[in-house]
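A.B. asks:
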Amino acid sequence: MDVVTVSPKYQVVIPLEARRRMRVKPGQKMHVIFYDNMVVFIPVRPIKQARGSLKGMDTRIERDEADRV
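Numbering (this note's numbering), first residue to last: 384 to 452.
#1: When DSSP builds the beta bridges, which residues end up paired with residue 418?
#2: Using the Cα positions of residue 421 and residue 442, report the straight-line distance between them to the nearest angstrom.
#3: Looking at residue 423: is its Cβ nearer than 8 Å to the Cβ of residue 416?
#4: Between which two residues does the alpha helix (DSSP H) harbouring residue 400 extend?
#5: Please check the pair residue 395 and residue 389, which I expect to be a contact at CB under 8 Å, by giving their CB distance rounded to whole angstroms.
#6: In whole angstroms, give me the CA-to-CA distance for residue 437 and residue 397.
This is the structure in structure tokens:
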């Protein structure tokens, strides 16, 4: 686990290994989510990159008779 230091301007540098694994590019936008006592950054990706990410997922669901109308 890497440790980063918060600058006087409240900035941090994302460690190289994290940038590589997340494929983060300079200028890329990030979603910021607050979870318990953590801040989570999720890279914003174009929707086209999501295509095929759920390949093989079973989308069949059991539905009630009333839902089938």
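We put the beta carbon where it would ideally sit given N, CA and C, even for glycine.
C.D. replies: Judging by the given coordinates:
#1: For this step, residue 418 is matched to residue 35 along the sequence shown. Residue pairing from DSSP places residue 418 in a beta bridge opposite 421.
#2: Position 38 of the sequence shown, counted from the start, is the residue given in the question as residue 421. Position 59 of the sequence shown, counted from the start, is the residue given in the question as residue 442. Each residue's Cα considered, the two are about 33 Å apart.
#3: Translated into positions along the sequence shown, residue 423 becomes position 40. Translated into positions along the sequence shown, residue 416 becomes position 33. Residue 423 places its beta carbon less than 8 Å from that of residue 416.
#4: Taking the first residue of the sequence shown as 1, we reach residue 400 at position 17. Under the DSSP assignment, residue 400 falls in the alpha helix (DSSP H) whose first and last residues are 399-405.
#5: For this step, residue 395 is matched to residue 12 along the sequence shown. For this step, residue 389 is matched to residue 6 along the sequence shown. Residue 389 and residue 395 do touch by the CB rule: their CB atoms are close to 6 Å apart, below 8 Å.
#6: Your numbering for residue 437 matches position 54 in the sequence shown. Your numbering for residue 397 matches position 14 in the sequence shown. Answer to the nearest angstrom: the Cα atoms are 28 Å apart.
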